[in-house]
Structure formats: structure tokens, C-alpha cells
Amino acid sequence: MIHIPPHDRDDDVAEEFTRFFRAHYDKLRNLIHLKAPYLDAEAIANEAFHQLWAHWRDLDGERWSYLYAVALNGIRDGARNRRRQASPIEPEDWHRAVIAPGWTPEASCLLREVLADVDRLPVHLREALRLNVAGFAAGEIAEMLGCRPHTVSNYLWEARQRLGETNGRTARRGGPGRGDPRRGGHGGQQDRGDA
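Each residue of the sequence shown is one higher than the one before, starting from 1 at the first, in full-length UniProt numbering.
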């Protein structure tokens, strides 16, 4: 948790930040976990919120954008540092550092394959999808990406369609087969996730 020095901020501002932190910390950490090693996600999220707190009053309407930018910079800095400091390690040590506790190697392999498909998407689709998977709402994603919520919905629909084509099936919000008439689904607009 971020320490809020009482002499630095008044109670209303501290309470507002605390509510924001509690409502969004897990979503940011989940997003970071999609882009950085499991062990780094919490430290990067903490640093991003620490930086946000330092600039809280200056960022009235741009808090999400700032938080997102700081988190991305933390992910990039961590990747650069790992490349510089990489030393040979045993495969078992690497496995423990990269795979979250409780995951099987098969599940981790499937996740890597899906993330590789996501990485091949155009950047605007990829970022919208990752933010959505991390739990952010369309309005929050729109603020971070600098577009309208309707545009975010379009990005998510297009990303799902492209991923479905990559995997040989139609992608949709409700899971495999939901809108596919061949599998007893409804087809039509449900394929877009509008239902």
C-alpha cells in the first residue's frame, strides 16, 4: 500500500486517491502481468500508483492516461534491465520465475500461444484487448488510449474477429460456439458481442 503523508495532502484528496487506488489497483496489476514477468507486476503497479500520487492534483482529468503511461514505462524499464543483467540460470529456476504459482506447464504454454497471437494484432487492437482482459471498462480504456468508448468497442470486436480467424473459429465475448449457428448458437449480432 502507498503511504500518504498527512502533512502533504488534505483528507479529501487522500480519500479520493485511496478510493481510486482500491478500485483500480488489481486491474492495473493484471494488465502489467500480461506484459511483464509475474514477479515484476506488483512492483511496477506500486511504482505507477506512487508516481500518480505524486502528481495527483496536477492530473485532474488525465489520471488514467498518466497511470497507464507510467506502467508502460515501468514494463519497458524492467525489460531493459533484465536484458542487461541476464545471467545463465537453470531451466527450473526460469520456469518458477516466469510461470505463476498454480499454473501447469500446459496452461502456461497455451497462454504463451494466445499472447503470441495477440502480439501480432495491430497496436491499437492489441492494447484495447489487453486493457479489457485486465478488467478495464470501455470508458477507462478510451481515456487511456485517447479515443471514444464506442471506438474501443469497435477495436475489441475487430480484435476478437482477427483472433478467431487465427484460431480457426469465430471469436465472441460469450465463449466458443455462442454465436455460431453450426454449434447451436444464434449467429448475427451476437458474433460482435453486442447482445
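Ideal Cβ placement from N, Cα and C applies to all residues, glycine included.
Exercise. The alpha helix (DSSP H) spanning Tyr155 covers which residue range?
Worked result: The residue you call residue 155 lines up with position 155 of the sequence shown. 149-166 is the span of the alpha helix (DSSP H), which, as asked, contains Tyr155.
With a CB to CB cut of under 7 Å and the five nearest residues on each side skipped, what residues in its chain are close to Leu28? Walking along the sequence shown from the start, residue 28 turns up at place 28. Around Leu28: Ala45, Ala48, Leu67, Ala71.
Discussion item. With three or more beta-carbon pairs closer than 8 Å as the criterion, would you say the region 73-84 touches the region 32-39?
Written reply: Contact between the region 73-84 and the region 32-39 is present, because at least three Cβ pairs lie under 8 Å.
Quick check: the region 129-142 against the region 104-113, are there 3 or more CB pairs under 8 Å? The answer is no - the region 104-113 does not touch the region 129-142, with fewer than three Cβ pairs under 8 Å.
- Query: So, helix, strand or coil for Arg173, using DSSP?
  - Reply: Along the sequence shown, one-based indexing puts residue 173 at 173. Confidence at Arg173 is low in this model, with a pLDDT of 47, below 50, so the placement of that residue is unreliable and no value is reported for it.
**Asked** Helix, strand or coil: how does DSSP classify Asp60 here?
**Response** On the sequence shown, position 60 is the one that residue 60 refers to. Asp60: coil per DSSP, three-state reduction.
Margin query: Distance check for Leu121 and Val13, CA to CA, integer angstroms please.
Written below: Position 13 of the sequence shown, counted from the first residue, corresponds to residue 13. Position 121 of the sequence shown, counted from the first residue, corresponds to residue 121. Those two C-alpha atoms are separated by around 39 Å.
| query | Roughly how many whole angstroms lie between the Cα atoms of Tyr25 and Thr166? | reply | Taking the first residue of the sequence shown as position 1, residue 25 is located at position 25. Taking the first residue of the sequence shown as position 1, residue 166 is located at position 166. Approximately 32 Å between the Cα atoms of the pair.
Could you tell me if Ala142 is buried or exposed, where buried requires 16 or more neighbouring beta carbons within 10 angstroms of its beta carbon? Translated into positions along the sequence shown, residue 142 becomes position 142. Under this definition Ala142 is a buried residue.
Can the beta-carbon of Leu163 be found less than 8 Å from the beta-carbon of Ala128? On the sequence shown, residue 163 is found 163 positions in, with the first residue counted as 1. On the sequence shown, residue 128 is found 128 positions in, with the first residue counted as 1. Not in contact: Leu163 and Ala128 (Cβ atoms no closer than 8 Å).
What are the boundary residues of the alpha helix (DSSP H) that Arg120 is part of? Here residue 120 is taken as the residue at index 120 of the sequence shown, counted from 1. For Arg120, there is no enclosing alpha helix (DSSP H), since its DSSP letter is neither H nor E.
At the level of alpha carbons, what is the spacing between Phe21 and Gly139?
On the sequence shown, residue 21 is found 21 positions in, with the first residue counted as 1. On the sequence shown, residue 139 is found 139 positions in, with the first residue counted as 1. Separation of Phe21 and Gly139 (C-alpha to C-alpha, rounded to the nearest whole angstrom) is 17 Å.
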